[in-house]
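Q: Input: one structure, supplied below.
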Amino acid sequence: MTDLASDGVRLRSMVSRLNIQHFCKKLSEEMNETKRQTLLQLVAEEKAKLFTLLPLARDVVFARDGLC
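Using the numbering used here, you'd call the opening residue of the sequence shown number -15 and step up by one each time.
Spelled out as structure tokens, the structure:
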């Protein structure tokens, strides 16, 4: 992998991690069940992106029970 491609993967994985952190924070505060389901879906999608970007980090991404 070239340095540029590696930087791109690192950047995308950082954005996914930040998105997960943000969505989990919102999830902890949200009471509306419809919005909670949307946030859960967004967390799952971001974790799937990380899984694809960083296959060696699978245990880290999915290590905890639940999504957040």
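Glycine residues also receive a C-beta, built at the ideal position from the N, C-alpha and C atoms.
Is it buried or exposed, K31, if we count other Cβ atoms within 10 angstroms and call 16 or more buried?
A: Here residue 31 is taken as the residue at index 47 of the sequence shown, counted from 1. Buried.
Q: Among A28, G(-8) and D(-13), which one has its Cα closest to the Cα of H6?
A: Along the sequence shown, read from residue 1 onward, the residue named residue 6 stands at position 22. The residue with the shortest Cα to Cα distance from H6 is A28.
Q: Does S0 pass the burial test, meaning 16 or more other C-beta atoms within 10 Å, or should it be called exposed?
A: Within the sequence shown, the letter at position 16 stands for residue 0. Its Cβ being crowded by 16 or more others within 10 Å, S0 is buried.
Q: According to DSSP, is M38 part of a helix, a strand, or is it coil?
A: Here the question's residue 38 lines up with position 54 in the sequence shown. Rather than Met, the amino acid found at residue 38 in this sequence is Leu. Looking at L38 - three-state DSSP - the assignment turns out to be coil, as it is neither helix nor strand.
Q: Below 8 Å on the Cβ atoms is my contact criterion, and I expect L34 with S(-3) to pass it. Report the Cβ-Cβ distance as a whole number of Å.
A: Residue mapping note: residue 34 aligns to position 50 of the sequence shown, counting from 1. Residue mapping note: residue -3 aligns to position 13 of the sequence shown, counting from 1. With a Cβ gap of about 6 Å, L34 and S(-3) count as contacting.
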